[in-house]
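The sequence shown lines up with residues 919 to 992 when you count with this note's numbering.
Note that the Cβ used here is the ideal one computed from N, Cα and C, for glycine as well.
On a predicted model such as this, the values are computed, not experimentally measured, just so you know.
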Amino acid sequence: TPGVDVLFLGPFDMSQSMGIPGQLDSPQIQEAADKVLAACKKYGKIPGIYAEFPEQAKLRAAQGFKYIPIGMVT
Numbered sequence: 919t920p921g922v923d924v925l926f927l928g929p930f931d932m933s934q935s936m937g938i939p940g941q942l943d944s945p946q947i948q949e950a951a952d953k954v955l956a957a958c959k960k961y962g963k964i965p966g967i968y969a970e971f972p973e974q975a976k977l978r979a980a981q982g983f984k985y986i987p988i989g990m991v992t
């Protein structure tokens with residue numbers, strides 16, 4: 919889609935939609951993350967994902983995610 923630069927994966931939202939709320943380490947979430955990364959690579963988009971902690975952000979960066987907001991303000 920022209921004008922779309924980033925494809926952002928919200929792991930909490932997605933786990934809820936998949937019927938496995940909060941199970942961010944589940945194989946289904948990891949598979950979805952892999953699909954997002956592959957689609958971004960194929961179409962020249964920036965893959966993004968939320969991370970709770972800096973350590974998790976490092977793991978996501980190693981996976982190939984480029985836009986990684988960390989933490990939430992409550």
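Problem set entry | Length of the line joining the Cα atoms of M990 and I964 | Here residue 990 corresponds to residue number 72 of the sequence shown, with the count starting at 1. Here residue 964 corresponds to residue number 46 of the sequence shown, with the count starting at 1. The straight-line gap from Cα to Cα measures roughly 21 Å.
Problem set entry | F926 - containing alpha helix (DSSP H), residue span | On the sequence shown, position 8 is the one that residue 926 refers to. Counting along the chain, no alpha helix (DSSP H) covers F926; the unbroken beta strand (DSSP E) around it starts and ends at V924 to L927.
Exercise. If G982 and L955 are in contact, beta carbons under 8 Å, what's the gap, nearest whole angstrom?
Worked result: As a working mapping, residue 982 is identified with position 64 in the sequence shown. As a working mapping, residue 955 is identified with position 37 in the sequence shown. Yes, they are in contact, since the Cβ atoms of G982 and L955 sit about 5 Å apart, within 8 Å.
For this session: Sort A979, K984, I988 and K959 by Cα distance to F971 and report the nearest one.
Result: If you number the sequence shown from 1, residue 971 lands on position 53. The option with the nearest alpha carbon to F971 is I988.
For this session: Specify the secondary structure class of Y968 as computed by DSSP and reduced to three states.
Result: One-based indexing of the sequence shown puts residue 968 at position 50. Three-state result, Y968: coil.
Exercise. Quick one, which of P939, A969 and R978 has its alpha-carbon nearest D952's?
Worked result: Here residue 952 refers to the residue found at position 34 when the sequence shown is read from its first residue. Minimum Cα distance to D952 is reached at R978.
Problem set entry | A969 beta carbon less than 7 Å from that of I947 | Taking the first residue of the sequence shown as 1, we reach residue 947 at position 29. Taking the first residue of the sequence shown as 1, we reach residue 969 at position 51. Not in contact: I947 and A969 (Cβ atoms no closer than 7 Å).
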